[in-house]
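Visitor: Protein chains in written order, with this note's numbering: chain A, 9 to 432; chain B, 9 to 432.
1) Quick check on the burial criterion: 16 or more other C-beta atoms within 10 angstroms. Buried or exposed for residue 305 of chain A?
2) At 7 Å on the CB atoms, spell out the chain B contacts of residue 390 of chain A, in chain order.
3) Measuring straight from C-alpha to C-alpha, what distance separates residue 126 of chain B and residue 302 of chain B?
4) Are the C-beta atoms of residue 254 of chain A and some chain B residue less than 8 Å apart?
5) Looking only at its own chain, which residues have a Cβ that is under 6 Å from the Cβ of residue 234 of chain A, when we skip the five neighbours before and after it?
6) Keeping to the same chain, check which residues put their C-beta closer than 6 Å to that of residue 218 of chain A; ignore five residues upstream and five downstream.
7) Applying the 10 Å Cβ sphere with the 16-neighbour rule, what's the burial state of residue 269 of chain B?
8) Residues of chain B with a CB under 7 Å from the CB of residue 427 of chain A: which are they?
9) Between the C-alpha atoms of residue 97 of chain B and residue 312 of chain A, what's the straight-line distance to the nearest angstrom?
10) Which first and last residues belong to the alpha helix (DSSP H) in which residue 8 of chain A is found?
11) Output needed for residue 178 of chain A: all residues of its chain with C-beta closer than 7 Å, excluding positions within five of it in sequence on either side, in chain order.
12) Can you tell me whether DSSP reads residue 72 of chain B as helix, strand or coil?
13) With DSSP as the reference, please indicate the residues paired to residue 36 of chain B in a beta bridge.
14) Going by Cα to Cα distance, which pick from A:364, A:397, A:414 and A:345 is closest to residue 1 of chain A?
15) When you compare the CB positions of residue 410 of chain A and residue 397 of chain A, do they come within less than 8 Å of one another, or not?
16) From this set, B:189, B:215 and B:167, which residue's C-alpha is nearest residue 209 of chain B's C-alpha?
17) For my contact list, residue 390 of chain B and residue 310 of chain A are in at a C-beta cut-off of 8 Å; report their separation, rounded to the angstrom.
18) Let's test the definition: count the other Cβ atoms within 10 Å of the Cβ of residue 21 of chain A and tell me whether it reaches 16, buried, or not, exposed.
19) Opposite residue 408 of chain B in the DSSP bridges: which residues?
20) Between the Cα of residue 59 of chain A and those of A:70, A:129, A:369 and A:354, spot the shortest distance and give me the residue it belongs to.
21) Would the beta-carbon of residue 130 of chain B fall within 8 Å of that of residue 163 of chain B?
22) What are the boundary residues of the beta strand (DSSP E) that residue 433 of chain A is part of?
23) From B:249, B:206, B:238 and B:123, pick the residue whose C-alpha is nearest to that of residue 170 of chain B; which is it?
24) List, in chain order, every chain A residue whose beta-carbon is nearer than 7 Å to that of residue 411 of chain B.
25) In the DSSP output, which residue or residues are listed as bridge partners for residue 148 of chain A?
26) Would you list the one or two residues that DSSP bridges to residue 10 of chain B?
27) Look at the Cβ atom of residue 82 of chain B, then the Cβ atom of residue 73 of chain A, and state whether they are nearer than 8 Å.
28) Distance cutoff 8 Å, beta carbons only. Does residue 184 of chain A sit that close to anything in chain B?
29) Taking only the alpha-carbon atoms, compute the straight-line gap between residue 50 of chain B and residue 109 of chain B and give it to the nearest angstrom.
30) Relative to the C-alpha of residue 69 of chain A, which residue among A:40, A:85, A:432 and A:103 is closest?
31) Is DSSP giving residue 395 of chain A helix, strand or coil here?
32) Along the segment 265-282 of chain A, where does the CB come closer than 9 Å to a CB of chain B? Name the residues.
33) Could you work out which residue in A:84, A:79, A:106 and A:105 is closest to residue 95 of chain A when comparing CA atoms only?
34) When burial is assigned at 16 or more other CB atoms within 10 Å of the CB, is residue 76 of chain B buried or exposed?
35) State yes or no: is the beta carbon of residue 332 of chain A nearer than 8 Å to at least one beta carbon in chain B?
36) Between which two residues does the beta strand (DSSP E) holding residue 57 of chain A run?
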């Protein structure tokens, strides 16, 4: 299929974007394509709209959207042990499927075309992603609780999931998901490392989200988390380290040395009072283009709106460093687009010929985008997900005029599933 | 006119809200009003919607919406002196009118029915507010630059504006707006105090927004800002002190003693790296119900979305105090509703019989509000302004089904005005 987006703002100029299959084929001055030979199967009028790359949500647990608002304003450990874990223990693959469907809908409606997920019941998530049309990197939570038998099960399960994933759409990318240093044994981490190397898979892991986690690691292994991961040769260009709130200078240097990727989750870190990732220090350490941005799960955010996440990121680092020039709008935008594309090894994150047709059209008539003195500033500091009018992913139209096919039925069913889960 | 909102969620139950004139007359169980004798002139179907009080924006400079995205990511003084002040010097009453019209539209579309403003060209703002149907407290910026002649002019101007305001709609409330201690002389502050006492007017003032301001005050007067305001007997239950980022324990006690009201502007304070208002300390000092929430102007936020402001407020205090239970959702919501109603002496801020019909209906089918385990949590942590479906202010319907009369023409004209201003 081919799609022509006519008269749309790209980098401040009106352009025509011609999409062939799942790629951006040509970008030309608006109107010039009318004279050309090509007729598109489908035409989108882009006047008073701006085309930006689909946003990347670098770290989430999509199915937890079922738990939105279920437990807030609690101390971290009490929140996990009395609210989140008991419910997760009761979850089924069907719950994960519906929770992920709901999350995919929310992401599409707020201009996100890719997310990096870690959750239980991988197949449930994969089925939801497949149906939604969005792009995702999915990892199964790998927790062995330092138990050898569990570790073996987890390894077998991941081998099977990886094999199975080869049959799925290219939109669904299998990754390994060792949960964290306090839940996964050294032996399993070593297996993950070898399997990831052998099959060239990305590895999604929580690193130094809280101060307690760092202390626990020092007690267990006699060194800080990143030092330990370096020691066991776990770190590589394929490692996606989420949170990274508590890093020493030496740990930052190790991340740089191994070209490790980082996902920053400012809203979740603030809501759980986990701490602030030292963005300006990571930049100084040469890690800027390795950093992506994520919302974390809906139980600790409580939405998946990457526009909001860009703003909160910029605000928390300006306030935290006392420097209002810290993380300017352009950087926040890059964390959610071009940097993330590098982190997740995708041929996207920018509107350019030859790139994946993962495209978001913003409605420039929305009051939050008026006046348009500076589009990037408006995107980061003023917009929210509702400014998105149209979403394409992999050359398919997932939303047009804010309408997604079947959304009412989906939200109704997901809501029933959520209530049934908490009443179970 | 009478309006019946049928089958709408109020406090978790389906109700009928009967509005007579500008007041909520009756709230009854859904359906029971059908049997009654009353027929409303206008009926709104409220099924799958929730009624909440219209939100209060406690501190803004509405016309600055024209400068949205015009200058960001700059040090505070450079931002003011090279970008904001030069443009403000060129502004006309027409600009202020269009900027305020744009702001009113944005506020209506995001569920705000009251705002507390301080800006130039009072009549321009008043005309915009009058036409928009929203409720506002408007003060003219009072700056004398410590010059006696200017002070006299400002006083005459304020006396005239106050007289003129008596002829306007009750929706428009005149307040005094002495800008700050570093821009207004002691003599003028004393005049403000007397005039406010005589006519029972609220006084809108910036207090201790930055550390520099406090130092300057100590240099000029030998004491901290609130101490000085106490010394000259300026403080009263009518004082609305905005920002209050830098307060000593003693100053908090003085605010409590005089029942001073406080408006907190977390996004603006973060964006300009001004500092964090010590919310938990103010609560301890007994000032909780005196605190309202505001966005500040669009040049330092850069939107007027009070849903976003509630979330940012809660996040910054959880993160800043290291306590995830700090400012729970219910408190953030109260700062933007019932507390604000007390601060601004309005008979509203809650959905109850006899209160002003300033009502917002949320669309519970919006994906951000699904599932609805806890509506207050969803409002504060997940929603944004686009979850608002219908807005009533003073018993008039300002928006229904997200449509505001004339909004396209308004945004187009305001955008032209904004571009003309920066090119002037």
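Glycine included, every Cβ here is placed at the ideal spot set by N, Cα and C.
Guide: In brief:
1) Per the 10 Å Cβ criterion, buried.
2) 76, 77, 310 and 311
3) Between the alpha carbons of residue 126 of chain B and residue 302 of chain B lies a gap of roughly 12 Å.
4) no
5) 259 and 262
6) Counting only Cβ-Cβ distances below 6 Å, and skipping sequence neighbours, we find 282.
7) Classification for residue 269 of chain B: buried.
8) Those within 7 Å of residue 427 of chain A in chain B are 379.
9) About 41 Å.
10) Outside the shown range of chain A (9 to 432) lies residue 8 of chain A, about which nothing can therefore be said.
11) There are no such residues.
12) helix
13) B:24
14) Summary: the structure shown does not reach residue 1 of chain A, with chain A confined to residues 9 through 432, and so no result is reported for it.
15) In this structure, residue 410 of chain A lies near residue 397 of chain A, with their beta-carbon atoms less than 8 Å apart.
16) Shortest Cα-Cα distance from residue 209 of chain B to any of B:189, B:215 and B:167 involves B:167.
17) 4 Å
18) With fewer than 16 other Cβ atoms within 10 Å, it is exposed.
19) B:411
20) Closest in alpha carbon position to residue 59 of chain A, among A:70, A:129, A:369 and A:354, is A:369.
21) no
22) A query on residue 433 of chain A cannot be resolved here, the shown segment of chain A reaching from 9 to 432 and no further.
23) B:206
24) Per Cβ cutoff of 7 Å: no residues; residue 411 of chain B is ~13 Å from chain A at best.
25) A:127
26) Beta-bridge partners assigned by DSSP to residue 10 of chain B: B:28.
27) no
28) no
29) 26 Å
30) Measuring from the Cα of residue 69 of chain A, the nearest candidate turns out to be A:103.
31) helix
32) Listed by position, the residues of the segment 265-282 of chain A near chain B (Cβ gap below 9 Å) are 274, 275, 277, 278, 279, 280, 281 and 282.
33) Closest option to residue 95 of chain A, Cα to Cα, is A:79.
34) buried
35) At least one CB of chain B lies nearer than 8 Å to the CB of residue 332 of chain A.
36) For residue 57 of chain A, the uninterrupted beta strand (DSSP E) run begins and ends at 57-61, by DSSP.
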